[in-house]
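Everything on this sheet refers to the single structure shown next.
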Amino acid sequence: MKNKGKDTELTFGVSGRLYESNVLLYDHQTESLWSQLKEEAVTGPMTGTRLVAVPSSLTTWKQWQTQHPETFVLSTQTGYDRNYDYSPYEAYARYPSPLFPIANQDDRLAPKERIIGVSLNGKHKAYSLTALEKRGTPLEDHIGERAVRVSYDAEAKSARIVDGKSGEILPSVIAYWFAWASFHPDASVYGSESQTSQ
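Numbering (the working numbering), first residue to last: 121 to 318.
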């Protein structure tokens, strides 16, 4: 990360605080708070400093292990009495709305609809995972002038977006629609009649 012309290495943790009902990270060095979806620090000495999005995958352990058999796995013997096979957010996932108020409520999709969101050259777009699952085949689309290909992974209940020409994986995020719309109110939604201009 660049900070005033110097390279600054930061390490992050989960703050436990929310901004627009989305969890904030903090850096150990300055204790600034960072928004994941806004991709920048929102309070503290680093306010306004941007994060650089990198490609990532939401997948299953089986798929990852097949592709990367030499992967090391963190031990579950952490010294804490906790069941790491259980997600503490299952009840929250079943609840249809965010628990706290948000500034921008967008009814093009249900608040808790899971989407894959992508930002390219200042344009933001969301693809409903439900719609991608129903489609069954990869989707060819454009975001601005850039061709993209969106594929749904039924086993992982996830998706990925690649450049339509090079096949390079593009930075994207799996999120609830309400969270994506809160930070990207001008985002278009694939298949929505009321979507804004790409």
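Just so you know, even glycine gets a beta-carbon here, dropped at the ideal spot from N, CA and C.
Are the CB atoms of Gly136 and Leu153 within a distance shorter than 8 Å?
By one-based count along the sequence shown, residue 153 stands at place 33. By one-based count along the sequence shown, residue 136 stands at place 16. For Leu153 and Gly136, no; Cβs fall outside 8 Å.
Determine, for Tyr212, whether the minimum Cβ-Cβ distance to residues of chain D falls below 8 Å.
No chain D appears in this structure, which consists of one protein chain only.
Since Leu145 sits in a beta bridge, which residues does DSSP pair it with?
Locating residue 145 in the sequence shown gives position 25, counting from the first residue. Paired residues: Val134, Trp154.
Three or more C-beta pairs closer than 8 Å, one from the region 201-209 and one from the region 253-267: is that the case here?
no
The ligand NAP and Glu253: does any heavy atom of the ligand fall closer than 7 Å to the residue's C-beta?
No copy of the ligand NAP occurs in the structure displayed, which carries no ligand at all.
Classify Ser317: buried if its beta carbon has 16 or more other beta carbons within 10 angstroms, exposed otherwise.
If you number the sequence shown from 1, residue 317 lands on position 197. Unreliable positioning characterises Ser317 in this predicted model, as indicated by a pLDDT of 37, which lies under 50. The coordinate reading is nonetheless provided below. Result: exposed.
Provide the residue span of the alpha helix (DSSP H) that contains Ser302, from first to last.
Taking the sequence shown and counting its residues from 1, the one referred to as residue 302 is at position 182. That run of the alpha helix (DSSP H) goes 297-303.
Taking the straight line between their C-alpha atoms, what separation do you get for Thr198 and Arg266?
The residue you call residue 198 lines up with position 78 of the sequence shown. The residue you call residue 266 lines up with position 146 of the sequence shown. Thr198 and Arg266: Cα-Cα distance of roughly 45 Å.
Contact check, Lys243 vs Ile263 under 8 Å by CB: the rounded distance?
Numbered from its first residue, the sequence shown carries residue 243 at position 123. Numbered from its first residue, the sequence shown carries residue 263 at position 143. Correct: roughly 6 Å between the Cβ atoms.
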